[in-house]
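In terms of our numbering, the sequence shown opens at residue 5 and continues consecutively.
First the structure, in the form of structure tokens, and then the observations on it.
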Amino acid sequence: MKLPVVLDGGKIRVSQHGSDAVVETDFGLRVTYDLVYHVRVTIPGNYYQQMCGLCGDYDGDPKDDFQKPDGSQAANPSDFGNSWEEAVPDSPCAPVPPCTGDDCSTECSPELEDKYHGLQFCGLLASPTGPLAACHKLLDPQGPLKDCVFDLCLGGGNQSILCDNIHAYVSACQAAGGKVEPWRTETFCRELQGIEG
């Protein structure tokens with residue numbers, strides 16, 4: 005599909021912003037997708053306290069955002085996400101069964117975890133003197149840092165996983181009005197189209 009696209013008489017617009025796909029509606033909904041795994045949904049203020057689902061309830065209290073469809077609070081993000089799963093008839097996608105046995109550990113060795121917290125890896129997210137330091141006053145980097153280390157542990161240190169995690173934080177920072185210093189280099193998270201900041 006060639007972007008931009010305007011649908012339903014201008015009620016829906018699909019465009020590209022940097023490497024993200026963006027869907028916008030005439031009532032103010034904006035969905036940004038990095039084409040990997042990070043989705044950001046923005047809604048106008050007149051929907052305050054009128055939401056529920058995977059994006060939380062938009063009541064200003066993040067402590068109750070893991071509410072399941074039955075009204076109870078999920079114990080963790082996985083339980084929350086799984087609770088909103090809907091069966092799709094004839095879908096090739098099936099729910100992932102719970103892992104049992106010795107090969108289910110998602111924990112890194114302490115040495116690998118230390119390595120992934122380093123500045124050459126996920127530590128770049130939280131470095132107080134790094135290129136993303138200006139974002140810290142807008143978005144706490146500790147959650148994304150923890151997620152990044154977790155993802156690298158599962159992915160065996162794959163650099164594209166690292167770069168996708170950093171890009172997601174950068175994108176959220178920029179959406180919040182933050183200024184990001186250049187963080188990509190010729191040897192670190194280089195974009196194929198060139199180097200972006």
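Built from N, CA and C at the ideal position, the CB exists for glycine as well.
The structure presented is a predicted model; accordingly, all values stated were derived computationally and were not measured.
In the three-state reduction of the DSSP assignment, Gln54 falls in the coil class. Ala25 sits in a strand when the DSSP states are folded into three classes. For a cut-off of 8 Å, the C-beta gap from Tyr52 to Tyr62 is around 6 Å, short enough to register as a contact.
Between Asp74 and Gly60, the CB-CB gap reaches or exceeds 8 Å. The shortest C-alpha to C-alpha distance from Asp151 to any of Cys112, Glu90 and Lys6 is the one to Cys112. For Val10, no alpha helix (DSSP H) run applies; the uninterrupted beta strand (DSSP E) run containing it begins and ends at Val9 to Leu11, by DSSP. Of Asp83, Trp187, Ala180 and Gly182, the smallest CA-CA separation from Asp168 is found for Trp187. Leu142 places its beta carbon less than 8 Å from that of Ala180.
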